[in-house]
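K.L.:
If you read the protein sequences in the order shown, they are chains A and B. Okay, so the first sequence: first residue is 107 according to my numbering, each after it adds one. Okay, so the second sequence: first residue is 15 according to my numbering, each after it adds one. Sharing a structure below in structure tokens format, with a few things to ask.
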Amino acid sequence: MAEYKKPTSEKEFQKNFKQKKPLMNATEAYYEASRCLFCYDAPCVQACPTHIDIPLFIKQIHTDNVTGSAKTIFDSNWLGNACGVVCPTGVLCEGACVYNHQDVPPIQIGRLQNYATNSVIKASKEIFKIGVPNGKKVAIIGAGPAGIACACELRTMGYTADIFEAKDKPSGLTVYGIAPYKITNEEVLKEVEYLQDQLGFHIKYNSEITTKKELQQLENEYDAVFLGVGLGKTASLNLEGEDKKGVIGAVEFIEELRMKHHKIDVPKKVVVIGGGNTAMDAASEAARMGARKTVLAYRRSKDEMGAYGFEYDLAISAGVDSLFNATPIAIVGNGKVGGVKFAKTEMVDGKLQTNMNNVFVVRCDLVIKATGQAKQGSFYQLIDDLDIDAKTRVVVSEDTFQTSNPNYFAGGDAINGGAEVVNAAHDGKMAAQGIHVWLNK
Amino acid sequence: MIDLSINFAGIKSPNPFWLASAPPTNSGYQIMKAFEAGWGGAVWKTLGVPVVNVSSRYGSVNYRNTRMMGFNNIELITDRPLADNLREIEEVKKYFPDHAVIASLMVESKKEWHQIIKDVENAGADGIELNFGCPHGMCERGMGSAVGQEPEVLKLIVEWVKEAAKIPVITKLSPNISDIIDPGFAAFQGGTDAISLINTIKSIVGIDLDTYAPFPIVDGKGTNGGYCGPAVKPIAMHMIRELAQHPEISKVPISGIGGIETWRDVVEFILLGATSVQVCTAVMHYGFSIVREMETGLRQFMDDKGYNTIYDFAGKALPNITEWKHLNLKHKVIAEINAEKCIGCDLCYIACDDGAHQAISLPKEADNRIPSIIEENCVGCNLCALVCPVEDCITMVKKDDGTQHITWEERTLADDVPVTFDDDRAGGKGHYVPKPTDALK
Numbered sequence: 107m108a109e110y111k112k113p114t115s116e117k118e119f120q121k122n123f124k125q126k127k128p129l130m131n132a133t134e135a136y137y138e139a140s141r142c143l144f145c146y147d148a149p150c151v152q153a154c155p156t157h158i159d160i161p162l163f164i165k166q167i168h169t170d171n172v173t174g175s176a177k178t179i180f181d182s183n184w185l186g187n188a189c190g191v192v193c194p195t196g197v198l199c200e201g202a203c204v205y206n207h208q209d210v211p212p213i214q215i216g217r218l219q220n221y222a223t224n225s226v227i228k229a230s231k232e233i234f235k236i237g238v239p240n241g242k243k244v245a246i247i248g249a250g251p252a253g254i255a256c257a258c259e260l261r262t263m264g265y266t267a268d269i270f271e272a273k274d275k276p277s278g279l280t281v282y283g284i285a286p287y288k289i290t291n292e293e294v295l296k297e298v299e300y301l302q303d304q305l306g307f308h309i310k311y312n313s314e315i316t317t318k319k320e321l322q323q324l325e326n327e328y329d330a331v332f333l334g335v336g337l338g339k340t341a342s343l344n345l346e347g348e349d350k351k352g353v354i355g356a357v358e359f360i361e362e363l364r365m366k367h368h369k370i371d372v373p374k375k376v377v378v379i380g381g382g383n384t385a386m387d388a389a390s391e392a393a394r395m396g397a398r399k400t401v402l403a404y405r406r407s408k409d410e411m412g413a414y415g416f417e418y419d420l421a422i423s424a425g426v427d428s429l430f431n432a433t434p435i436a437i438v439g440n441g442k443v444g445g446v447k448f449a450k451t452e453m454v455d456g457k458l459q460t461n462m463n464n465v466f467v468v469r470c471d472l473v474i475k476a477t478g479q480a481k482q483g484s485f486y487q488l489i490d491d492l493d494i495d496a497k498t499r500v501v502v503s504e505d506t507f508q509t510s511n512p513n514y515f516a517g518g519d520a521i522n523g524g525a526e527v528v529n530a531a532h533d534g535k536m537a538a539q540g541i542h543v544w545l546n547k
Numbered sequence: 015m016i017d018l019s020i021n022f023a024g025i026k027s028p029n030p031f032w033l034a035s036a037p038p039t040n041s042g043y044q045i046m047k048a049f050e051a052g053w054g055g056a057v058w059k060t061l062g063v064p065v066v067n068v069s070s071r072y073g074s075v076n077y078r079n080t081r082m083m084g085f086n087n088i089e090l091i092t093d094r095p096l097a098d099n100l101r102e103i104e105e106v107k108k109y110f111p112d113h114a115v116i117a118s119l120m121v122e123s124k125k126e127w128h129q130i131i132k133d134v135e136n137a138g139a140d141g142i143e144l145n146f147g148c149p150h151g152m153c154e155r156g157m158g159s160a161v162g163q164e165p166e167v168l169k170l171i172v173e174w175v176k177e178a179a180k181i182p183v184i185t186k187l188s189p190n191i192s193d194i195i196d197p198g199f200a201a202f203q204g205g206t207d208a209i210s211l212i213n214t215i216k217s218i219v220g221i222d223l224d225t226y227a228p229f230p231i232v233d234g235k236g237t238n239g240g241y242c243g244p245a246v247k248p249i250a251m252h253m254i255r256e257l258a259q260h261p262e263i264s265k266v267p268i269s270g271i272g273g274i275e276t277w278r279d280v281v282e283f284i285l286l287g288a289t290s291v292q293v294c295t296a297v298m299h300y301g302f303s304i305v306r307e308m309e310t311g312l313r314q315f316m317d318d319k320g321y322n323t324i325y326d327f328a329g330k331a332l333p334n335i336t337e338w339k340h341l342n343l344k345h346k347v348i349a350e351i352n353a354e355k356c357i358g359c360d361l362c363y364i365a366c367d368d369g370a371h372q373a374i375s376l377p378k379e380a381d382n383r384i385p386s387i388i389e390e391n392c393v394g395c396n397l398c399a400l401v402c403p404v405e406d407c408i409t410m411v412k413k414d415d416g417t418q419h420i421t422w423e424e425r426t427l428a429d430d431v432p433v434t435f436d437d438d439r440a441g442g443k444g445h446y447v448p449k450p451t452d453a454l455k
């Protein structure tokens with residue numbers, strides 16, 4: 107079990123957050139690429155939400171046409187570089203690789219993808235063409251992966267694409283919310299810069315759209331609006347003592363960590379509440395920041411966790427302890443957090459029951475709530491005739507990503523409730539095509 | 015008790031593994047090192063009037079992650095003074111009296127031939143090999159393959175050599191001819207004691223895509239080299255077979271050369287009638303110690319099969335190698351896919367559908383990738399089994415009962431062969447092929 111020393115410098119931080127999928131060198135990429143069987147109707151392509159022609163880009167790496175390889179990747183996925191390292195490839199392309207049926211390690215598709223795209227980004231190689239200007243303009247709300255992908259695709263078709271971003275950096279959770287051992291800030295931002303340099307879309311930072319008036323202005327100025335607004339802050343648990351100092355949402359914790367690295371202070375004892383991938387990330391990160399004891403608490407059993415098994419394993423290997431079948435009932439402590447009071451849970455007739463006779467306190471100095479992000483429900487109410495489903499997700503047409511208000515299109519976490527970067531990248535691209543079809547009717 | 019020793023046309027050697035005349039046999043140092051490593055004999059780098067070589071001499075064909083699958087060189091014969099070579103031959107023989115040291119020779123006039131033969135005999139060489147094969151440089155000067163391509167000249171020089179030589183003479187043939195029987199028979203008629211083949215094949219291994227010069231590049235230019243390495247083995251084996259099946263030429267022993275790297279290669283060459291083997295590229299790639307694998311593998315094979323000497327199985331494949339017209343037209347095999355082993359790459363499907371006989375189908379269900387054989391379409395071509403990446407997953411199963419036997423020759427004699435352009439007796443008549451427009455579906 108790994109034990110991490112509290113990082114006190116950027117160097118120590120990088121050591122504790124060593125990249126899980128480091129950049130391949132040319133020799134490694136060549137040999138790895140040589141293993142690809144070039145399957146017919148390849149399962150990896152089917153498993154990729156953006157349907158990248160994986161056997162082709164791997165063959166292109168092998169034949170030293172790395173630029174062509176990067177082009178193949180970006181043709182399907184505008185965030186091809188980030189996705190190479192942040193995608194849960196084990197359950198997507200690499201999980202589908204036929205080698206798995208032979209007990210042979212699957213092709214390292216993600217790292218090969220990252221290798222190819224990184225090489226063109228590093229060389230600032232121009233590979234994209236802007237479409238002939240068609241005089242039409244699209245406003246994009248949110249510079250996350252969905253918004254960036256939408257903007258890129260629109261630019262290739264000749265549209266003006268203006269992105270309105272609430273924060274001061276592009277790419278949304280890719281830079282603010284991914285675990286630092288998956289990708290560095292620098293790498294995320296470089297990809298967007300590379301795309302922006304060639305495709306010339308605009309991003310207006312610190313420009314959150316919050317009022318009906320602003321939306322109407324966008325509707326007036328633009329031919330269509332794309333909603334890539336993602337999700338909001340960490341939702342409240344409505345627990346007694348939740349307002350104490352030392353209680354933080356996972357999204358906020360990770361964002362601070364990504365921006366400040368070793369400069370944030372993680373105390374000795376941490377409790378992370380939740381069973382999803384974000385909970386795993388937060389727990390892993392707390393441990394890597396030198397917390398002596400990190401407890402991952404989930405109200406149901408291990409098997410019921412929403413997180414991928416490999417993410418749980420990663421947290422455990424970082425030294426995280428787990429506590430299952432325990433639900434938080436209060437945050438205790440004098441002014442600041444001193445612990446979390448849990449009650450054990452059990453399944454009774456298929457329903458989760460809390461046993462108030464079995465209550466205990468886990469001492470800690472920091473509570474990280476990884477229990478889901480709030481939805482953007484109040485924002486959606488500003489848009490006329492916008493259909494929202496029971497889970498506060500924007501409803502879109504499957505093929506065109508058009509919402510019930512024809513001026514609006516949407517993609518990413520706003521429509522799926524929270525998924526991968528690759529899903530958002532796919533949505534944004536497809537929505538751009540939907541916008542194109544609609545505006546040319 | 016296995017005895018690997020050979021008596022090759024009077025040249026005795028502790029085993030059949032010889033180094034071919036090439037860079038690895040350039041000096042006494044290398045040959046002593048080789049004998050220490052386990053080689054039984056060595057054919058000294060060709061002696062003659064010393065040459066001047068160029069810098070940048072070798073080129074390679076890499077395939078996937080295999081380097082030097084094919085190899086070529088534009089190096090000439092020895093560039094070291096004859097006296098140095100002779101002194102070293104003498105020294106090697108002093109340390110290794112029971113190993114075979116064969117002097118490869120290439121000179122022009124009869125006088126030079128007689129002189130150099132006397133010199134190498136005095137130095138203690140066990141045999142002579144006549145280099146009639148070098149296809150680059152020396153041939154421009156009327157030697158090497160220039161001789162190998164002119165049976166009359168070849169025969170004349172063999173006669174000159176035989177007039178003077180007291181030790182066995184091996185004639186090394188060039189594959190750069192249309193029929194190996196022509197030079198082979200000329201050597202036989204000239205009175206050679208043995209034949210070795212193949213020398214290298216005229217080749218260009220690649221073109222530099224920036225300078226447009228062929229590899230190996232000598233100051234912006236290149237020339238054809240001599241091709242060797244694993245890639246040439248099939249060509250060598252065929253030529254050896256032709257000589258070994260010839261009623262006259264087969265009376266002299268054959269030393270097999272061409273892409274030999276492993277014990278399997280050695281066994282195959284012996285099965286085709288070679289009774290010594292010569293190796294160069296494998297040593298240039300891996301060093302002399304590669305002989306360990308060859309020797310242990312050969313011994314294991316002989317042990318498994320119950321052979322005591324290589325003569326027990328030399329030429330055993332020859333009765334099975336015949337002309338096409340003698341093959342049984344009633345033999346019928348059909349591919350069988352082992353669904354348990356299949357990993358679902360579907361290469362067999364696409365290889366058959368695009369590259370062969372449209373005899374494999376894919377299941378309709380989306381989650382099933384196990385292909386199946388359409389027996390009535392399968393012509394038993396083997397392609398699917400050849401492309402399948404899983405060992406023994408696709409096997410070719412015999413379907414005829416073995417009672418019927420008819421050959422093309424027999425059908426010809428019986429006047430039962432297609433003679434018109436639309437003959438009912440054509441093999442493909444009635445065989446299923448999809449409609450051309452099915453391709454567009």
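All C-beta atoms, glycine included, are put in the ideal place defined by N, C-alpha and C.
Span of the beta strand (DSSP E) holding V377 (chain A)?
P.N.:
K375 to I379 is the extent of the beta strand (DSSP E) around V377 (chain A).
K.L.:
Please decide whether R217 (chain A) counts as near chain B, where near means a Cβ-Cβ distance under 9 Å.
P.N.:
Chain B, which has no Cβ nearer than 9 Å to the Cβ of R217 (chain A), makes this no.
K.L.:
M107 (chain A) by DSSP, collapsed to three states: which one?
P.N.:
For M107 (chain A), the predicted structure reports a pLDDT of 47, less than 50, and the residue's modelled location is therefore unreliable. A value from the coordinates is still provided. Note: M107 (chain A) maps to coil in three-state DSSP.
K.L.:
Below 8 Å on the Cβ atoms is my guess for A349 (chain B) versus I304 (chain B); work out the distance and round it to an integer in Å.
P.N.:
Incorrect: roughly 36 Å between the Cβ atoms, too far for contact.
K.L.:
Residue range of the beta strand (DSSP E) that I271 (chain B) falls in?
P.N.:
That run of the beta strand (DSSP E) goes I268 to I271.
K.L.:
Find the residues of chain B that neighbour H207 (chain A), judging by a C-beta separation of less than 7 Å, and give them in chain order.
P.N.:
Going along chain B in sequence order, the residues near H207 (chain A) (Cβ under 7 Å) are I357 and G358.
K.L.:
Does S303 (chain B) come out as helix, strand or coil in the three-state DSSP assignment?
P.N.:
In this structure, S303 (chain B) counts as helix in the three-state DSSP scheme.
K.L.:
Can you tell me which of the three DSSP states V232 (chain B) falls into?
P.N.:
In the structure shown, V232 (chain B) sits in a strand (DSSP, three-state: E or B).
K.L.:
Compute the Euclidean distance between the alpha carbons of M107 (chain A) and R394 (chain A), then round it to the nearest angstrom.
P.N.:
Residue confidence for M107 (chain A) is low, a pLDDT of 47 falling below 50, so the modelled location carries little weight and cannot support an answer.
K.L.:
If we count Cβ pairs, one from each stretch, closer than 8 Å, do we get three or more for the region 212–222 of chain A versus the region 245–252 of chain A?
P.N.:
No, the region 212–222 of chain A is not in contact with the region 245–252 of chain A.
K.L.:
Quick check on the burial criterion: 16 or more other C-beta atoms within 10 angstroms. Buried or exposed for P8 (chain B)?
P.N.:
Here chain B comprises residues numbered 15 to 455, so residue 8 (chain B) is not present and cannot be evaluated.
K.L.:
Can you tell me whether R255 (chain B) is buried or exposed? The criterion is at least 16 other CB atoms within 10 Å of its CB, across all chains shown.
P.N.:
Buried: at least 16 other Cβ atoms inside 10 Å.
K.L.:
Suppose contacts are defined by Cβ-Cβ distances below 9 Å. Is K475 (chain A) in contact with R499 (chain A) by that definition?
P.N.:
In this structure, R499 (chain A) does not lie closer than 9 Å to K475 (chain A) by Cβ.
K.L.:
Since K65 (chain A) and I233 (chain A) should fall inside the 8 Å C-beta cutoff, what is the C-beta to C-beta distance between them, to a whole number of angstroms?
P.N.:
Outside the modelled stretch of chain A, which goes from 107 to 547, sits residue 65 (chain A), for which no answer is possible.
K.L.:
For I437 (chain A), which beta-bridge partners are listed by DSSP?
P.N.:
Per DSSP, A:V446.
K.L.:
Shortest alpha-carbon distance to V197 (chain A) belongs to which of A:K231, A:S225, A:C154 and A:K121?
P.N.:
The residue with the shortest Cα to Cα distance from V197 (chain A) is A:C154.
K.L.:
Report the option in A:K442, A:S407 and A:E452 whose CA atom is closest to the CA atom of F430 (chain A).
P.N.:
Minimum Cα distance to F430 (chain A) is reached at A:S407.
K.L.:
Report the neighbours of D147 (chain A) on chain B: residues whose CB is nearer than 9 Å to its CB, in chain order.
P.N.:
What D147 (chain A) touches in chain B: D360, Y363, I364, L376 and R383.
K.L.:
Could you list the residues in the region 394–409 of chain B with a C-beta less than 7 Å from some C-beta on chain A, going in chain order?
P.N.:
For the region 394–409 of chain B, which is checked against every Cβ of chain A, the residues closer than 7 Å are P403 and V404.
K.L.:
Identify every residue that forms a DSSP beta bridge with D427 (chain A).
P.N.:
According to DSSP, which records beta bridges pairwise, D427 (chain A) is partnered with A:V401.
K.L.:
Does R255 (chain B) come within less than 9 Å of chain A when only Cβ atoms are used?
P.N.:
It does not: the Cβ of R255 (chain B) has no partner Cβ on chain A nearer than 9 Å.
K.L.:
Could you give the DSSP three-state label for I215 (chain B): helix, strand or coil?
P.N.:
Note: I215 (chain B) maps to strand in three-state DSSP.
K.L.:
Ordered along the chain, which non-local residues of its own chain (more than five positions away) have a Cβ less than 7 Å from that of A34 (chain B)?
P.N.:
Excluding sequence neighbours, A34 (chain B) sits near V57, I271, Q292, V293 and C294.
K.L.:
Could you tell me whether the Cβ of N79 (chain B) comes closer than 9 Å to any Cβ of chain A?
P.N.:
N79 (chain B) counts as touching chain A.
K.L.:
Tell me whether the beta-carbon of C189 (chain A) lies closer than 9 Å to the beta-carbon of A520 (chain A).
P.N.:
It is not a contact, given that the beta carbons lie outside the stated cut-off.
K.L.:
Got a sec, what are the start and stop residues for the alpha helix (DSSP H) V401 (chain B) sits in?
P.N.:
Note, V401 (chain B): alpha helix (DSSP H), L397 to V401.
K.L.:
Given that L143 (chain A) touches chain B, what residues does it touch there, using C-beta distances under 7 Å?
P.N.:
By Cβ distance, chain B contributes C359, L361 and P403.
K.L.:
Give a yes or no on whether the C-beta atoms belonging to V151 (chain A) and P161 (chain A) are separated by under 9 Å.
P.N.:
Yes, the pair counts as a contact, with Cβ atoms nearer than the cut-off.
K.L.:
Could you tell me how far apart the beta carbons of G287 (chain B) and L332 (chain B) are, in whole angstroms, since I believe they sit closer than 8 Å?
P.N.:
G287 (chain B) to L332 (chain B), Cβ: 6 Å. Contact.
K.L.:
So which residues of chain B does S140 (chain A) contact, with C-beta pairs closer than 8 Å?
P.N.:
In chain order: R78 and N79.
K.L.:
Nearest to Q120 (chain A) by CA position, among A:S225, A:L472 and A:Y287, is which residue?
P.N.:
Looking at the Cα atoms, A:Y287 is the closest of the given residues.
K.L.:
Out of curiosity, what's the CA-to-CA distance linking G537 (chain A) and E526 (chain A)?
P.N.:
This sequence places Ala at residue 537 (chain A); Gly is not what is there. So the alpha carbons of these two residues sit roughly 17 Å apart.
K.L.:
Classify K535 (chain A): buried if its beta carbon has 16 or more other beta carbons within 10 angstroms, exposed otherwise.
P.N.:
So K535 (chain A) counts as buried.
K.L.:
At the 9 Å Cβ level, is Y157 (chain A) part of the contact set with chain B, yes or no?
P.N.:
It is worth fixing the name first, because residue 157 (chain A) is His in this sequence and not Tyr. It does not: the Cβ of H157 (chain A) has no partner Cβ on chain B nearer than 9 Å.
K.L.:
Where I45 (chain B) and L144 (chain B) are concerned, what is the direct C-alpha to C-alpha distance, given to the nearest angstrom?
P.N.:
Those two C-alpha atoms are separated by around 19 Å.
K.L.:
Return the bridge partner residues of I408 (chain B) from the DSSP annotation.
P.N.:
Partner(s): B:I351.
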